[in-house]
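Chemist: Respectively, the protein sequence lines represent chains Z and C.
Per the working numbering, the very first residue in the first sequence carries number 1; after that it's consecutive.
Per the working numbering, the very first residue in the second sequence carries number 1; after that it's consecutive.
Glycine is no exception: its CB is placed at the ideal position from the N, C-alpha and C atoms.
Fair warning: this is a prediction, and the values are worked out from it, not measured in the lab.
The structure that follows is given in the form of structure tokens.
There are 2 protein chains.
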Amino acid sequence: MKVGIIGLGLIGGSLSLVLKKKGLADWVMGTDASPMHMDTAMQLGIVDQLVDINTLVKEADLVVLAIPVSAANKVLPEILDGINSRQVVIDMGSTKRNLLQQIQTHPNRGRFVATHPMWGTEFSGPQAASDAAFAGKAGIICNRHESDEDAIQLVENLLRQLGMHLLYMNADDHDIHTAYISHISHITSFALANTVLEKEREEQAIFELASAGFESTVRLAKSNPDTWLDIFKENKENVLDVLNEHITQLRKFKSCLEKENWDYLHQLMAHANEIKRILK
Amino acid sequence: MKVGIIGLGLIGGSLSLVLKKKGLADWVMGTDASPMHMDTAMQLGIVDQLVDINTLVKEADLVVLAIPVSAANKVLPEILDGINSRQVVIDMGSTKRNLLQQIQTHPNRGRFVATHPMWGTEFSGPQAASDAAFAGKAGIICNRHESDEDAIQLVENLLRQLGMHLLYMNADDHDIHTAYISHISHITSFALANTVLEKEREEQAIFELASAGFESTVRLAKSNPDTWLDIFKENKENVLDVLNEHITQLRKFKSCLEKENWDYLHQLMAHANEIKRILK
């Protein structure tokens with residue numbers, strides 16, 4: 001299978017490395033808006049060939065969109081214009097509703113499979129790509145019924161061979177669940193970093209005192225602002241909804257401290273402990 | 001050296017395991033308020049002998065307090081009453097101001113070294129103890145000048161042999177820095193767990209969709225409520241101070257989303273990225 005990857009950053013680069021390692025792609029073509037990313041991807045052996053996007057769309061059996069959501073929104077209709085009825089196109093993005101609305105009536109809609117591998121790190125760019133990516137995490141397929149059966153099967157096989165467990169959702173539910181379980185974590189982490197940078201003016205103290213607990217809570221604050229701006233734009237309503245709830249929850253902690261309501265503070269923490277039942 | 005450890009949970013248990021592994025203790029006596037913890041600690045080989053607290057204080061060269069802060073506040077003056085001028089007492093707690101105020105004029109104040117190893121996990125109890133604990137993290141000594149020189153040297157050597165880098169602070173500064181760098185992380189994580197449990201009523205979705213990012217941000221929400229209630233009580237003012245700042249920071253994200261102020265949202269995230277300079 002000839003694979004064409006548009007966007008050679010963390011996600012696209014990792015996908016290429018895993019496909020090559022597992023022998024799932026005979027040839028990987030790649031392109032990126034950044035010439036530097038292209039050079040790095042070639043040097044690191046992430047892709048076999050650098051091509052322009054038109055060549056990629058013409059020649060790849062599988063076209064992969066691994067670019068920020070707003071860019072995917074723009075380019076996907078044009079890609080679907082240019083493919084034949086045997087090619088398959090997937091995206092790897094964190095939001096789906098707007099993307100799928102846009103191509104709903106496209107004659108080649110069936111060739112596209114909306115895909116979201118729930119994997120990532122706080123790092124970005126091709127230099128952050130990992131050939132150990134994706135395994136053990138969820139691979140979500142949205143609006144399965146809108147894609148052709150052969151395209152779905154190709155993508156299902158692919159995700160399974162990456163070691164992912166398959167989940168199916170409609171795009172609206174997907175965007176709600178990811179706001180709750182992924183997007184809010186990034187906001188809390190970005191905001192925590194800003195909190196600590198604001199309060200703790202002695203950077204040396206942050207460096208010296210940081211424990212594993214602090215590092216894990218603030219880790220996502222290292223994430224790429226371009227990627228996340230796009231996700232927050234796309235999923236504004238759902239993110240606001242969960243962010244409001246999060247501020248409400250924090251205000252409960254604040255109120256307990258102010259009023260020295262220790263029983264309720266203990267209850268809040270004991271309730272939070274329930275996450276142990278769900279995540280070991 | 002005969003070591004007596006009061007409190008055989010995560011911290012006390014781990015200290016014992018590391019001391020034994022490194023050959024730094026010839027004999028470890030232990031006691032705990034929970035008979036179950038005592039049994040488990042003995043079964044796991046964490047301690048050599050279970051004793052009552054009076055025997056422990058009488059016989060140990062080094063007495064270690066590894067119990068919640070409020071309990072340490074109560075028991076420390078009595079321990080100092082019972083020791084001779086060659087014994088050394090340390091605590092391992094997360095707050096220091098009240099503890100040290102309480103013993104400021106005690107005739108044996110010099111035998112006590114206020115110690116805070118910046119290490120922990122979200123787990124608790126002797127079964128969570130690890131012989132790989134402490135290494136690579138900060139070992140803080142507070143109000144060094146109030147301790148006898150030989151006691152300080154014993155503790156400094158010990159912390160160095162645990163692989164920790166030494167830091168010195170006064171108790172007030174310690175409680176401020178730990179509020180900023182450790183205690184707020186726990187509140188954000190507890191509150192995030194409650195947020196997600198509130199919004200995401202489908203627990204199966206949390207389980208299936210959880211990515212590494214979510215898991216690391218919410219990890220501390222598994223922490224022991226008893227331990228943390230005590231810390232938040234002791235450090236109420238500093239924790240409230242940083243919690244207010246954190247709510248302010250989150251409200252900036254909220255306002256950006258509401259007003260679609262994307263430039264400022266990008267700025268907020270780019271600023272948070274500065275944590276990369278400090279924590280690799």
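(1) Of all Cβ atoms in chain Z, is any one closer than 8 angstroms to the Cβ of Q127(C)?
(2) Verify the CB distance criterion: does L15(C) have a CB-CB separation below 8 angstroms to chain Z?
(3) To the nearest angstrom, report how far apart H186(Z) and T195(Z) are at their CA atoms.
(4) Using C-beta distances below 8 angstroms, list every residue in its chain close to S70(C), excluding the 5 sequence neighbours before and after it, in chain order.
(5) Suppose contacts are defined by Cβ-Cβ distances below 8 angstroms. Is G7(C) in contact with I67(C) by that definition?
(6) With burial defined as no fewer than 16 other Cβ atoms inside 10 Å of the residue's Cβ, what is the status of Y287(C): buried or exposed?
(7) Between the alpha carbons of P77(C) and I247(C), how many angstroms are there, rounded?
(8) Return the CA-CA distance between C256(C) and Q249(C), expressed in angstroms with no decimal places.
(9) Spell out whether any CB of chain C is found under 8 angstroms from the CB atom of M269(Z).
(10) Can you give me, in chain order, the residues of the stretch 254–278 of chain Z that have a beta carbon less than 9 angstroms from any beta carbon in chain C?
(11) So for M42(Z), helix, strand or coil by DSSP?
(12) I'd like to confirm something about F134(Z): is its beta-carbon nearer than 7 angstroms to some heavy atom of the ligand MG, or not?
(13) Would you identify the three-state DSSP class for F112(C), choosing helix, strand or coil?
(14) So which residues on chain Z does R144(C) lean against when the C-beta distance must stay under 8 angstroms?
(15) Within this structure, are the beta carbons of V63(Z) and V28(Z) separated by less than 8 angstroms?
(16) Can you find a C-beta in chain Z that's less than 8 angstroms from the C-beta of Y180(C)?
(17) Taking DSSP as the reference, what is the three-state secondary structure of K2(Z)?
(18) Going by DSSP, which residues form a beta bridge with V63(C)?
(19) Note down, in chain order, each residue of its chain lying with its Cβ closer than 7 angstroms to the Cβ of T121(C), except the 5 sequence neighbours on either side.
(20) Would you report the Cα separation of I103(Z) and A72(Z), rounded to the nearest angstrom?
(21) Decide if D26(Z) is buried, meaning its Cβ has at least 16 other Cβ atoms within 10 Å, or exposed.
(22) Is there a Cβ from chain Z that is less than 8 angstroms from the Cβ of V196(C)?
(23) With a threshold of 6 angstroms on Cβ separation, who are the neighbours of S284(C) within its own chain once the five nearest residues in sequence on each side are excluded?
(24) Check whether the Cβ of I247(C) lies closer than 8 angstroms to any Cβ atom in chain Z.
(25) Less than 8 angstroms between the beta carbons of Q87(Z) and A114(Z), yes or no?
(26) Determine whether the Cβ of A151(Z) lies closer than 8 angstroms to any Cβ atom of chain C.
(27) Going by DSSP, what residue range makes up the alpha helix (DSSP H) through G23(Z)?
(28) In or out: E258(Z) buried (at least 16 other Cβ within 10 Å) or exposed?
(29) Within the 8 angstroms Cβ cut-off, does G12(Z) reach chain C?
(30) DSSP puts P117(C) in a beta bridge; with which residues?
(31) Listed from N- to C-terminal order along the chain, which residues in the stretch 203–216 of chain C have their beta-carbon within a distance smaller than 9 angstroms of any beta-carbon of chain Z?
Modeler: According to the structure data:
(1) no
(2) no
(3) 14 angstroms
(4) D230, K233 and E234
(5) yes
(6) Residue 287(C) falls outside the range modelled here, since chain C spans only 1 to 280, and no answer is possible.
(7) 38 angstroms
(8) 11 angstroms
(9) yes
(10) K254, C256, L257, E258, E260, W262, L265, H266, Q267, L268, M269, A270, H271, A272, N273, E274, I275, K276, R277 and I278
(11) helix
(12) Although the ligand MG was asked about, the structure shown includes no ligands whatsoever.
(13) strand
(14) What R144(C) touches in chain Z: nothing, since even the nearest Cβ is about 16 angstroms away.
(15) no
(16) yes
(17) strand
(18) G4(C) and V89(C)
(19) L10 and A128
(20) 11 angstroms
(21) exposed
(22) yes
(23) Nothing can be reported for residue 284(C), as the shown portion of chain C is limited to 1 through 280.
(24) yes
(25) no
(26) no
(27) Element bounds for G23(Z): n/a, residue is neither H nor E.
(28) exposed
(29) no
(30) G139(C)
(31) E203, Q204, A205, I206, F207, E208, L209, A210, S211, A212, G213, F214, E215 and S216
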